[in-house]
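K.L.:
If you're matching positions, the sequence shown starts at 95 in the numbering used here and goes up one per residue.
Every residue, glycine too, gets a C-beta built ideally from N, C-alpha and C.
Just so we're clear, the structure is a prediction, and the values are computed from it rather than from any experiment.
Just dropping this structure here.
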Amino acid sequence: MSSEGNRKSSVDQFTGVASLTSRTLKLSGRDVTIRLEPSYWEGLEEICRREDLTVDDLCYDVRDRMEQQGRRASQAGVSLANALRVFVVGYFRQAATERGHARAGHGQGRPFIATPFDLVPITGDS
């Protein structure tokens, strides 16, 4: 698979959200460093596992499609990191079902359940 760069990231102890993590990928024989939040790297790895691809191959394909769309629209493209974020969200949104949302506890007016922003009640041991 790809070089994984520095996997260490700083985690905000309040929200559990980690800062950007850099990885160096091999795209078209060139090293390209991408910075994403760890949850996006995990999403890419999960997609690659499901689709039997390497992270390098998937990122190359996303970059290629992004460049093709940019040429057709005659517009400057977005960064590869932003395109990867959009891809990961789009992939999982297409896979989401009503049943899956119900199992996750969604649709009850509590959208933060099972997310890094879920405020788990703090129990005092004092």
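#1: When you compare only the Cα positions, how much space is there between S103 and R143?
#2: Hey, how far is the Cα of T209 from the Cα of G199?
#3: Which residues in the same chain have their Cβ closer than 8 Å to the Cβ of S97, if we skip the five residues on either side of it in sequence?
#4: Using a threshold of 7 Å, is the CB atom of G137 nearer than that to any non-hydrogen atom of the ligand SAM?
#5: Measuring straight from C-alpha to C-alpha, what distance separates R165 and N176?
#6: Can you tell me whether DSSP reads L174 as helix, strand or coil?
#7: Comparing alpha-carbon positions, which option in L178, S168, Y185, A167 lies nearest P132?
#8: Reducing DSSP to helix, strand and coil, say where I207 ends up.
#9: Between which two residues does the beta strand (DSSP E) holding S116 run?
P.N.:
Based on what the coordinates show:
#1: Confidence is the limiting factor: at S103 the pLDDT is only 49, short of 50, which leaves the residue's position unreliable, though a coordinate-based value still follows. Distance between the alpha carbons of S103 and R143 is about 23 Å.
#2: Approximately 11 Å between the Cα atoms of the pair.
#3: Its pLDDT being 43, under 50, S97 is placed unreliably by the model, and the measurement read from it follows with that caveat. If we look at S97 and ignore the five residues flanking it on each side, its Cβ neighbours are R117, T118, L119, K120, D125.
#4: The ligand content of the structure shown is nil, which means the ligand SAM is not present either.
#5: Taking the straight line from one Cα to the other gives about 18 Å.
#6: L174 falls in the helix class under three-state DSSP.
#7: The shortest Cα separation from P132 among L178, S168, Y185, A167 belongs to L178.
#8: Here I207 sits in coil by DSSP.
#9: For S116, the enclosing beta strand (DSSP E) begins and ends at 115-121.
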